[in-house]
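Position in the sequence shown (from 1) plus 164 gives the number in this note's numbering.
Worksheet: one structure, shown below.
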Amino acid sequence: MLKIAILTGSTRPGRNNEAVAKWVYEIARKRSDAQYEYVDIQAFDLPLLDEPVPPAMGKYSKPHTKAWAAKIAPCDGFVFVTPEYNHGTSAALKNAIDFLYAEWNNKAAGFVSYGSAGGTRAVEHLRLIMGELQIADVRAQATFNLSSDFENYSVFKPAEGKEKTVTSMLDQLVVWAEAMRGVREKKRA
Numbered sequence: 165m166l167k168i169a170i171l172t173g174s175t176r177p178g179r180n181n182e183a184v185a186k187w188v189y190e191i192a193r194k195r196s197d198a199q200y201e202y203v204d205i206q207a208f209d210l211p212l213l214d215e216p217v218p219p220a221m222g223k224y225s226k227p228h229t230k231a232w233a234a235k236i237a238p239c240d241g242f243v244f245v246t247p248e249y250n251h252g253t254s255a256a257l258k259n260a261i262d263f264l265y266a267e268w269n270n271k272a273a274g275f276v277s278y279g280s281a282g283g284t285r286a287v288e289h290l291r292l293i294m295g296e297l298q299i300a301d302v303r304a305q306a307t308f309n310l311s312s313d314f315e316n317y318s319v320f321k322p323a324e325g326k327e328k329t330v331t332s333m334l335d336q337l338v339v340w341a342e343a344m345r346g347v348r349e350k351k352r353a
């Protein structure tokens with residue numbers, strides 16, 4: 165069965181990210197097309213990238229990097245739940261992505277974003293990163309606006325119909341994750 169991680173994209177105190185990611189996870193776990201797992205990057209306590217050798221070499225020396233790699237490697241796909249900070253994704257998410265390389269390759273990704281403009285620019289930023297990591301990203305995405313999907317900009321209360329956008333993204337993600345599994349198997353052969 166496919167394994168898809170729903171990744172938080174923020175480590176800020178009082179972050180909205182956790183509520184959004186958990187909401188997406190609750191939608192996903194009702195499905196039977198993959199095994200979904202909620203993965204909080206904050207739990208890995210990753211410092212600013214501190215590996216002496218570039219991640220593409222796969223020679224991880226730090227325990228936190230090895231633990232992070234062990235979590236990501238078995239996944240077939242990812243849902244990146246990202247805030248938008250200054251027209252981009254969060255530094256914490258970018259840093260977590262940058263720690264690894266091969267663990268991301270030839271897998272699939274979908275996006276859930278939020279911010280004053282729905283977080284769309286953060287997703288545009290992530291799509292560029294996905295290309296470099298050889299991750300196939302799906303077109304459908306779910307966006308949330310701080311003024312209409314959050315009460316007082318801080319309590320997550322998604323507008324009606326938003327679950328449908330998450331479902332569309334997950335539908336596409338499962339198809340692409342399965343296709344990319346075939347790519348990985350072909351590369352190993």
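Virtual Cβ for every residue (Gly too), placed ideally from N, Cα, C.
Which residues bound the beta strand (DSSP E) around residue i?
i: Y278; result: 271 to 279
i: Y202; result: 199 to 203
i: A169; result: 167 to 172
At what residues does the alpha helix (DSSP H) containing residue i begin and finish?
i: L334; result: 326 to 352
i: Y189; result: 181 to 192
In its own chain, which residues sit with a C-beta less than 6 Å from the C-beta of residue i, not counting the 5 before and 5 after it?
i: K223; result: V217
i: E267; result: A233, I236, A237
i: T229; result: E215, F263
i: A169; result: E201, V203, C239, F242
i: L166; result: A198, D240, A341
i: R348; result: N270
Roughly how far, in whole angstroms, is the beta-carbon of residue i from the beta-carbon of residue j, given that I think they are within contact range, below 8 Å?
i: A272; j: G241; result: 4 Å
i: W340; j: V287; result: Between V287 and W340 the Cβ distance is about 16 Å, and since that is not below 8 Å, they are no contact.
i: G173; j: P219; result: The pair is not a contact, with the Cβ atoms about 19 Å apart (cut-off 8 Å).
i: M333; j: A304; result: 4 Å
Who are the Cβ neighbours of residue i in its own chain at under 7 Å, not counting the five residues just before and after it?
i: T175; result: I205, Q206, A256
i: L213; result: N259, D262, F263
i: F314; result: N180, F320, K321
i: H251; result: R285
i: V184; result: V245, V276, Y278, F308, F320
i: L310; result: Y278, G279, S280, Y317
i: V338; result: L166, D197, A198
Ordered along the chain, which non-local residues of its own chain (more than five positions away) have a Cβ less than 8 Å from that of residue i?
i: S196; result: none
i: T331; result: I191
(request) Any chance you could list the beta strand (DSSP E) runs of at least 3 consecutive residues sitting entirely within the segment 211 to 299, in chain order? (result) The segment 211 to 299 contains these whole beta strand (DSSP E) runs: 241 to 247, 271 to 279.
(request) Would you check if the segment 272 to 282 and the segment 198 to 206 touch, i.e. whether three or more CB-CB distances between them fall below 8 Å? (result) Judged by Cβ distances under 8 Å, the segment 198 to 206 makes no contact with the segment 272 to 282, as fewer than three pairs qualify.
(message) With three or more beta-carbon pairs closer than 8 Å as the criterion, would you say the segment 188 to 195 touches the segment 289 to 301?
(response) No, they do not touch.
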